[in-house]
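Residues 59 to 188 in our numbering are what the sequence shown lists, from first letter to last.
Before any comments, here is the structure.
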Amino acid sequence: MSQSYDRGTVEDFGRWRSFTAGMWAWLFHKFTGWVLIGYLFTHIAVLSTALTGEAAYNDTIVGLESLAIVRLLEVGLLAVAVFHILNGVRLLFIDLGTGLEAQEESFYASLVITGAITIASVPTFVSGVF
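Shown next as structure tokens:
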């Protein structure tokens, strides 16, 4: 005979409010990893236009650089990459035993540094489009 399982809080979407910084760091790290994998395929697709000739590649790059949405997506890509790198370094230190007592502070520091780098880079990325 099988027993029924009471899912309880598993199906309670209000549980997001009770997540700790460590859970949010894990979720953001997974999300940014998947975004970077998706970007890798996009990057390969754009680079593959070089196989058809130099003119096709140059037309593709010029066409993409002229789109404002592409420039904004590049800013998002920078934010994703910077957070993923900083959180990875944070996890490395935690795995090495350094910073175990300051996990929450280091996660928030990763977010703040990511935000600062991203905001500082916006003028560089969107220059010439707007």
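C-beta: ideal position from N, C-alpha, C; glycine also.
Contact annotation, V180 with V133: C-beta distance approximately 6 Å; criterion of less than 8 Å satisfied.
Annotation: the continuous alpha helix (DSSP H) that includes R148 extends over 126 to 153. For F77, the three-state secondary structure derived from DSSP is coil.
Around the CB of F89, fewer than 16 other CB atoms lie within 10 Å, so the residue is classed as exposed. When the five nearest sequence neighbours on each side are left out, the beta carbons in the same chain lying within less than 8 Å of the beta carbon of T118 are those of V104, T107, in order along the chain.
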